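Here the sequence shown is numbered in this note's numbering, starting from 53 and rising by one per residue.
Beta carbons are placed, not taken as given, at the ideal position from N, Cα and C, and that holds for glycine.
This structure is a prediction, so every number in the text was calculated from the model and none was measured.
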Amino acid sequence: MNTCLQCNQTLFGRKDKKFCNDFCRNSYNNNLNRDKVEVVRNVNNRLRRNNRILKTLLEESARSVSKLELNLRNFDFKYITNVSDTKHGTIFYVYDIGYQKLDDENYLLFQE
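Spelled out as structure tokens, the structure:
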């Protein structure tokens, strides 16, 4: 006799049946992929937070912002979506908003 991979109930019906119902099948697969999903969710949350910080600064008419201000708002410089090298320097993007290092303490913000 086969048993459900999720709840261990006895299965009736087809020989190759693995789950007793859709709930057990979904629960089993969600638990199986949980680790991968959590990593992606955490990275996306950090990217969205960075994007919101930059968007808020642009809405406040800040074209230039200090590194201290970004740090105070918990901006995480490790999480970006794209990098572009131009003749004027490197531009870092968080989705549609870019920032470029002006000097050691200041960044130029702009929206694509």
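{"query": "Contacts around Asp-148, its chain only, beta-carbon distance under 7 angstroms, and the 5 residues preceding and following it disregarded", "result": "Gln-163 and Glu-164"}
{"query": "Distance, Phe-144 Cα to Leu-99 Cα", "result": "12 angstroms"}
{"query": "Cys-72 beta carbon near the ligand GDP (any heavy atom closer than 7 angstroms)", "result": "Absent from the structure shown: the ligand GDP. Ligands present: none."}
{"query": "Simplified DSSP state of Ser-79, which is helix, strand or coil", "result": "helix"}
{"query": "Distance between Tyr-159 and Thr-55 (C-alpha atoms, nearest Å)", "result": "60 angstroms"}
{"query": "Inter-residue Cα distance where the pair is His-140 and Asp-155", "result": "12 angstroms"}
{"query": "Cutoff 8 angstroms; reference Ser-113; Cβ partners in own chain excluding five residues on either side", "result": "none"}
{"query": "Check whether Phe-127 and Ile-105 have beta carbons under 8 angstroms apart", "result": "yes"}
{"query": "Residue environment, Gly-65, which counts as buried when at least 16 other CB atoms sit within 10 Å", "result": "exposed"}
{"query": "DSSP three-state assignment for Thr-138, whether helix, strand or coil", "result": "strand"}
{"query": "Where Lys-153 falls: helix, strand or coil (DSSP)", "result": "strand"}
{"query": "For Tyr-131, the nearest candidate out of Arg-115, Leu-120 and Tyr-151 (CA to CA)", "result": "Tyr-151"}
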